[in-house]
Amino acid sequence: HHRSSCRYLDYLPNDEEDDDEKDEDADKKAERLNANRAMKEIVLSTYNAPNRILNFSEDSKKKLFPEKESLKSIYPLSDSDYTTERFKEKDKIVHRFIPSTPVRTLDAPDLVDDYYLNLISWGQNNIVAAALGSSVYLWNAKTGDINHLFTLQGRNNTVSSVRWPKKDADEKHLAVGTSEGLIEVWDTVALRKVRTMAGHVLRASSLCWKDMNVISSGSRDKSVRNNDMRNRESLIDIYSGHSQEVCGLEWHDEGKVLASGANDNQLCLWDAAVSTRERSATSG
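Residues are numbered in our numbering as their position in the sequence shown, beginning at 1, plus a constant of 75.
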């Protein structure tokens with residue numbers, strides 16, 4: 076460092092007078108000599124100090140970097156620091172209570188142990204429809220009243236799905252799917268059946284109302300059928316796109332698109348506006 080500093084100082088102006096300085100007045104001469112001495116001191120201190128290059132002094136660090144507390148507010152030093160700063164006040168923590176027990180338990184004997192079936196539906200009328208074996212029961216959540224709606228005829232005929240209409244639709248009609256592939260519509264006020272629609276060759280395991288009149292049903296026969304219960308010939312469309320049992324159906328609120336899910340791990344979307352009598356997923 077000393078050799079390099081000496082070479083560098085060779086290029087600095089000398090304090091000694093030369094011929095050109097003799098003509099300068101005393102004030103200018105003194106000012107120039109003081110500036111030269113200051114430059115030499117800066118260069119010597121820079122080159123003689125060990126490890127000086129690319130290091131910051133403590134004063135420089137304080138000027139270039141904000142205080143530690145201000146840095147923490149933007150970039151937390153650790154998860155624990157962040158938690159301490161942001162959530163140290165207990166009154167700001169909102170605790171959510173999650174109950175470990177149900178508010179009420181209802182006995183449901185003969186409820187089929189098959190998660191591909193849809194055996195419970197809670198309607199806008201605050202009534203729960205439950206399929207228990209070959210029977211359907213209605214439980215009024217407001218009053219606690221229980222009504223037996225019906226029991227299917229036939230030794231092996233069981234209820235495989237139930238579904239109330241969608242919001243703002245008719246609140247008294249309940250759609251029911253059976254293990255024989257039939258779709259029945261029941262008046263839950265008069266406790267009587269108003270319509271039966273056939274078509275599926277295997278159990279109807281999922282249902283969904285498009286509106287007050289059109290009911291979609293999914294089956295183990297892999298198809299989705301749309302039926303209008305006002306028509307004598309109720310069938311509107313058949314959707315064939317799944318390779319296994321259709322166990323979930325849901326219409327968009329505007330009734331333009333139907334979503335169907337099946338045991339083949341496929342979710343199909345059906346556009347009702349371009350539907351034909353029989354349509355497959357590959358054809359659109």
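Where is the CB? At the ideal position from N, CA and C, for every residue including glycine.
Buried or exposed (CB count within 10 angstroms, at least 16 for buried), residue i
i	result
Ile258	buried
Asn302	buried
Thr263	buried
Tyr190	exposed
Lys297	buried
Lys136	Low per-residue confidence applies at Lys136: pLDDT is 48, beneath 50, and the placement is therefore not dependable, though the value from the model is reported in the following sentence. So Lys136 ends up on the exposed side.
Lys217	exposed
Ser175	exposed
Glu320	buried
His248	buried
Val349	exposed
Leu194	buried
Glu144	Here the model assigns Glu144 a pLDDT of 46, short of 50, so the residue's position is not dependable, and the following value carries that caveat. Per the 10 Å Cβ criterion, exposed.
Leu224	buried
Val256	The displayed chain sequence assigns Gly, not Val, to residue 256. Classification for Gly256: buried.
Val299	buried
Neighbourhood of residue i by C-beta distance below 8 Å, restricted to the same chain and skipping five residues each side
i	result
Ile128	With a pLDDT of 42 at Ile128, under the threshold of 50, the modelled position of that residue is not reliable, and the figure given next carries that caveat. Excluding residues within five positions, none has a Cβ falling inside 8 Å.
Leu227	Ser209, Ser210, Thr233, Val234 and Thr253
Ser305	At residue 305 the sequence reads Arg, which differs from the Ser that was named. If we look at Arg305 and ignore the five residues flanking it on each side, its Cβ neighbours are Asn288.
Val332	Trp326, Leu344, Trp345, Asp346 and Ala347
Ile149	Confidence at Ile149 is low in this model, with a pLDDT of 44, below 50, so its placement is unreliable and no value can be given for it.
Ala183	Ala205 and Leu207
Contacts around residue i, its chain only, beta-carbon distance under 7 Å, and the 5 residues preceding and following it disregarded
i	result
Leu192	Ser235, Ser236 and Ser280
Gln341	His317
Arg179	none
Cutoff 6 Å; reference residue i; Cβ partners in own chain excluding five residues on either side
i	result
Ile311	Asn301 and Asp303
Leu72	Residue numbering for the chain in the displayed model covers 76 to 359; residue 72 lies beyond these limits and cannot be assessed.
Leu324	Ser281, Cys283, Ser291, Gly293 and Ser335
Asn222	Leu213
Ile202	Leu213 and Asn215
Asp185	Leu207 and Gly208
Sheet register partners of residue i (DSSP bridge)
i	result
Asp346	Val332
Val178	Answer by DSSP bridge pairing: none, since Val178 is not bridged.
Glu325	Ala334
Give, in chain order, every unbroken run of the beta strand (DSSP E) that is at least 3 residues long and sits entirely within the segment 181-249. Runs of beta strand (DSSP E) with 3 or more residues, each lying fully within the segment 181-249, are found at 195-197, 202-207, 210-215, 221-226 and 234-238, listed in chain order.
Beta strand (DSSP E) runs contained entirely in the segment 240-310, provided each spans 3 or more residues: Entirely contained in the segment 240-310, the beta strand (DSSP E) runs reaching 3 residues are, in chain order, 248-253, 258-262, 267-272, 279-284, 289-294 and 298-303.
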